[in-house]
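This report concerns only the one structure given below.
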Amino acid sequence: MRTDAPSFLAQVMTIVRRDLLRERRSGEVLWVTLPFGAIALLLVPLAIGTDAPTLQRIGPGMFWVIVMLFGVLIAIRQTNAGTQAQRDMVALTGLDPAAIFVGSTTASFMLLLVFETILGIVTIVLYDITPTGWVALPTVLVLAAAGLALLSTLAASIVSTGRSATALVPLLVAPLSVPLLLGATQAWEALRLGRSSLPWVLLMAIVGLLLAVVGVLSARPLQETA
Amino acid sequence: MTANEHRTTVWPWIVMAVAGFHVFVASMTVPPDALQGQLSRIMYVHVPAAWLAYLAFGITMLGSAMYLWKKDLKWDRRAHASAEIGVMFTGMTIVLGMVWAKPTWGVWWTWDARLTLTAIMFFVYLGYLALRRTTDNLDMRAKRSAILGVLAIVQVPLVHFSVIWWRSLHQAPTLLNPEGPSMDTSMVITLLIAVSGFTVMYVAMMFKRIELSRLEDAVLVSEQTSSGPIAGHGITSPDLTGGS
């Protein structure tokens, strides 16, 4: 009897379903990370003062900083999620390591997009911000989520199974996420001032593409050493 | 210790001392800057340290790429040694820059693109060194850090060209200026002596650090392969023969 191996897309979807199901059961992003991010947005005005014009000016920047720092927590949950035995089991199923990387990234991307959207609404309400650029703004949100998901998944794959893995991922991701943070904040600023945000959108797209290539190419060697 | 081992242990120290002495003499005999005075002497350590950081991280990238290609741990040791020295020189660059900035700009730190990106580069490579401490498996450690070692090199051109790409308080390249060096010939010569001296020191440090890494790896392998006492080794059966 001959059985056909599942396609790459089917393998990716299997991993996406697994990660989203795990999130539905644990509710880690929705009930822990998201409220944590919202509290951080609430604490900033208490620390620096509640002057409305100042908050309007710093609001978008605060939003992106919190998305980058707290977003890492969303992507690194996979380093805690499985035991070594579970990881070995996934490897033994014969799933393509690149499909596992793409699947994990896609699940993180979807969760990050939800995180960004809800936190964006909280920022608009708390900091009294008027969003502009109804086409460019969603593009920036999508690219930031994709870039951060790729970077965090790659960092989590590099440090997985190591000592202090959970603590190390933010140290690796935070400095390397600077191009994404710059791209997102500068694109937002360009939209606010009525200028073109295209160079910053392109920067984020190029960074995302570079990370995707590195992530896919390094997936197999990383799995072999896990 | 054999005579050969003694030579390999001692000569890097001698080279470092001689190179350091040359840099010191050169930077102290050159006339002070017309505007900055004696403060400008910091440049003869700050600039070579920054150059060494670039070189060290470039070698880390090269060693990492070679490891991924050849799977030979000697390349991993070279990449690691170079990253460690590079982090030290980056830290030195930042601290000396701050010492210079306080009397010149009036602040220890300013949110300039060059300064900020240099600090970020420092943390990226600190992460590289931290990553190496997460496992004792030599192959796993080498492969994982090699991927980061290749990826992290994007920081170097970002730092170097930041003074051109962004409006910067930090001065533009002095020696690598397309219109020629923008300083007095005696200062250029002194700076070149300092850069050469620091490069020689880097090479000597690399030899020492690679040797140390090789010994560390040997100890690690020996610990992992040696057969220690089995579980329950200290437990002996009760002596029942002496009972009444």
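Residue numbers (our numbering), protein chains in the order written: chain A, 403 to 628; chain B, -3 to 240. Note that the Cβ used here is the ideal one computed from N, Cα and C, for glycine as well. Remember, it's a predicted structure, so these values are computed and weren't measured experimentally.
Cα-Cα separation, residue i to residue j
i	j	result
Gly549 (chain A)	Gly610 (chain A)	5 Å
Lys67 (chain B)	Ser620 (chain A)	14 Å
Val615 (chain A)	Phe17 (chain B)	47 Å
Val492 (chain A)	Leu624 (chain A)	14 Å
Ile38 (chain B)	Ile531 (chain A)	46 Å
Asp490 (chain A)	Leu497 (chain A)	11 Å
Ile189 (chain B)	Arg129 (chain B)	36 Å
Tyr529 (chain A)	Ile116 (chain B)	29 Å
Lys204 (chain B)	Trp7 (chain B)	10 Å
Gly596 (chain A)	Thr534 (chain A)	9 Å
Asp213 (chain B)	Thr56 (chain B)	18 Å
Leu31 (chain B)	Tyr40 (chain B)	16 Å
Ala13 (chain B)	Met202 (chain B)	15 Å
Asp108 (chain B)	Gln413 (chain A)	46 Å
Val524 (chain A)	Met136 (chain B)	42 Å
Gln151 (chain B)	Leu423 (chain A)	37 Å
Gly451 (chain A)	Trp466 (chain A)	19 Å
Ala15 (chain B)	Met197 (chain B)	7 Å
Ala607 (chain A)	Ser182 (chain B)	47 Å
Pro28 (chain B)	Ile90 (chain B)	22 Å
Trp590 (chain A)	Ile441 (chain A)	23 Å
Asp406 (chain A)	Thr416 (chain A)	16 Å
Trp104 (chain B)	Lys98 (chain B)	5 Å
Val603 (chain A)	Ser23 (chain B)	46 Å
Val26 (chain B)	Ala45 (chain B)	19 Å
Below-8 Å beta-carbon distance, residue i vs any chain C residue
i	result
Val120 (chain B)	The chain inventory of the structure shown lacks chain C, comprising the protein chains A and B.
Buried or exposed by the 16-neighbour rule on C-beta atoms within 10 Å, applied to residue i
i	result
Lys242 (chain B)	Residue numbering for chain B in the displayed model covers -3 to 240; residue 242 (chain B) lies beyond these limits and cannot be assessed.
Gly145 (chain B)	buried
Ser60 (chain B)	buried
Pro437 (chain A)	exposed
Met403 (chain A)	In this predicted model, Met403 (chain A) has a pLDDT of only 48, less than 50, meaning its place in the structure is not dependable enough to derive any value.
Met470 (chain A)	buried
Arg419 (chain A)	exposed
Under the three-state DSSP convention, the category residue i falls into
i	result
Ser218 (chain B)	helix
Asp135 (chain B)	helix
Asp453 (chain A)	coil
Asp421 (chain A)	helix
Met403 (chain A)	Caution applies to Met403 (chain A), whose pLDDT of 48 falls short of 50 and renders its modelled position unreliable; the value that the coordinates give is listed next. Met403 (chain A): coil per DSSP, three-state reduction.
Gly429 (chain A)	coil
Gly33 (chain B)	strand
Ile90 (chain B)	helix
Lys67 (chain B)	coil
Trp590 (chain A)	helix
Trp536 (chain A)	coil
Leu595 (chain A)	coil
Cβ-based neighbour list, residue i, same chain, cut-off 7 Å, excluding 5 preceding and 5 following
i	result
Glu425 (chain A)	Val431, Leu513
Phe503 (chain A)	Thr555, Ser559, Gly617, Val618, Ala621
Phe410 (chain A)	Asp498, Ala501
Leu122 (chain B)	Val83
Same chain, Cβ closer than 6 Å to residue i, neighbours up to 5 away in sequence not counted
i	result
Leu543 (chain A)	Glu518
Own chain partners of residue i with C-beta closer than 8 Å, once the 5 adjacent residues on each side are dropped
i	result
Ala454 (chain A)	Asp530
Under 7 Å (Cβ pairs) to chain B, residues found in the segment 566 to 586 of chain A: So the list reads Ser566, Ala567, Leu570, Leu573, Leu574, Pro577, Leu578, Val580, given in the order they occur along the chain.
For the segment 608 to 623 of chain A, which residues have a beta carbon sitting closer than 7 Å to at least one beta carbon of chain B? For the segment 608 to 623 of chain A, the beta-carbon criterion of a distance under 7 Å to any beta-carbon of chain B is satisfied by Val616, Ser620, Pro623.
Output, in sequence order along the chain, the residues in the segment 184 to 217 of chain B whose CB is closer than 9 Å to any CB in chain A. Contacts with chain A (Cβ-Cβ distance below 9 Å) from the segment 184 to 217 of chain B involve no residue at all.
Beta carbons nearer than 7 Å to chain A: which residues of the segment 58 to 76 of chain B have them? Of all residues in the segment 58 to 76 of chain B, none has a Cβ within less than 7 Å of some Cβ in chain A.
Positions along the segment 138 to 168 of chain B whose CB lies within less than 7 Å of some CB in chain A: Per Cβ criterion, the list reads Lys139, Arg140, Ile143, Leu144, Leu147.
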